Amino acid sequence: CVSAMSDILVDTIDGFAQGYGISEVFTSIVIIPYFSNIAEQVSAVIFAYKNEMDLCIGITVGSSVQVALFVMPGCVLIGWVVDRAMSMYLKGFETCCLVLAVLCVAAVLQGGTTNWLVGSFFIGVYFMIAAGFWYHELEDLSTDAELLMNNNSTFDGG
Numbered sequence: 001c002v003s004a005m006s007d008i009l010v011d012t013i014d015g016f017a018q019g020y021g022i023s024e025v026f027t028s029i030v031i032i033p034y035f036s037n038i039a040e041q042v043s044a045v046i047f048a049y050k051n052e053m054d055l056c057i058g059i060t061v062g063s064s065v066q067v068a069l070f071v072m073p074g075c076v077l078i079g080w081v082v083d084r085a086m087s088m089y090l091k092g093f094e095t096c097c098l099v100l101a102v103l104c105v106a107a108v109l110q111g112g113t114t115n116w117l118v119g120s121f122f123i124g125v126y127f128m129i130a131a132g133f134w135y136h137e138l139e140d141l142s143t144d145a146e147l148l149m150n151n152n153s154t155f156d157g158g
């Protein structure tokens with residue numbers, strides 16, 4: 001069921017993005033992850049409302065760690081199995097957004113406490129990153145030849 005829904009989602013991204021005048025980059029990086037994690041987000045908000053901040057932080061950080069340590073490398077391995085070159089290569093803008101998000105979360109985890117101001121700061125950072133991806137254009141690395149060329153030059157020392 002999940003794979004069928006994933007296939008439908010991937011097949012309709014182009015039509016959705018073109019129909020509403022939204023870039024595929026914004027759709028893939030902001031809209032789809034937002035709606036695919038809606039259950040976790042609602043749970044985190046409910047636990048935060050009940051003042052169960054440990055559960056709230058555990059849900060949100062755990063979800064991010066799961067994506068970073070399992071989903072991304074898993075996609076690369078699946079790409080290798082189906083003979084489709086995939087990479088976790090990030091350009092400067094994407095790397096800066098990732099580092100900014102990690103630094104924000106690390107600051108809250110180090111402090112051990114939080115308040116509404118920190119929450120509003122996180123929402124502001126989220127909207128800044130989303131706005132950045134609204135205007136950002138990614139390089140087209142969709143062809144296998146370009147990915148293989150970039151990957152081979154890395155391994156050959158060039």
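Per the UniProt record's numbering, residue 1 is the first one in the sequence shown, and the count goes up by one each step. Built from N, CA and C at the ideal position, the CB exists for glycine as well. In this text the structure is predicted, and so the values were computed from the model without any measurement.
Helix, strand or coil for residue i, going by three-state DSSP, please let me know.
i, result
"Y20", "helix"
"D83", "coil"
"T113", "coil"
"residue 201", "This structure cannot speak to residue 201, because the chain is shown only from 1 to 158."
"Y89", "coil"
"E137", "coil"
"E40", "helix"
"E52", "coil"
"G158", "Because G158 carries a pLDDT of 47, less than 50, the predicted location of this residue cannot be relied on, and the following value inherits that uncertainty. Looking at G158 - three-state DSSP - the assignment turns out to be coil, as it is neither helix nor strand."
"L9", "helix"
Who are the near neighbours of residue i in its chain, counting only those whose CB is closer than 6 Å to its CB and skipping five residues on each side?
i, result
"W134", "F26"
Distance check for residue j and residue i, CA to CA, integer angstroms please.
i, j, result
"M53", "F47", "7 Å"
"S87", "P33", "19 Å"
"A130", "A106", "20 Å"
"G112", "G92", "31 Å"
"T114", "C96", "24 Å"
"V67", "V61", "10 Å"
"E137", "S36", "23 Å"
"C104", "F122", "8 Å"
"M72", "I8", "20 Å"
"V55", "G74", "The question names Val, yet the displayed sequence has Leu at residue 55. Distance between the alpha carbons of L55 and G74 is about 26 Å."
"V45", "F127", "18 Å"
"S120", "Q18", "32 Å"
"V65", "Y20", "32 Å"
Are the CB atoms of residue i and residue j nearer to each other than 8 Å?
i, j, result
"D14", "E24", "yes"
"V118", "V108", "yes"
"L90", "L98", "yes"
"S43", "I31", "no"
"S63", "E40", "yes"
Enumerate in chain order the residues of its own chain whose CB-to-CB distance from residue i is below 8 Å, with the five nearest sequence positions on each side excluded.
i, result
"W80", "M86"
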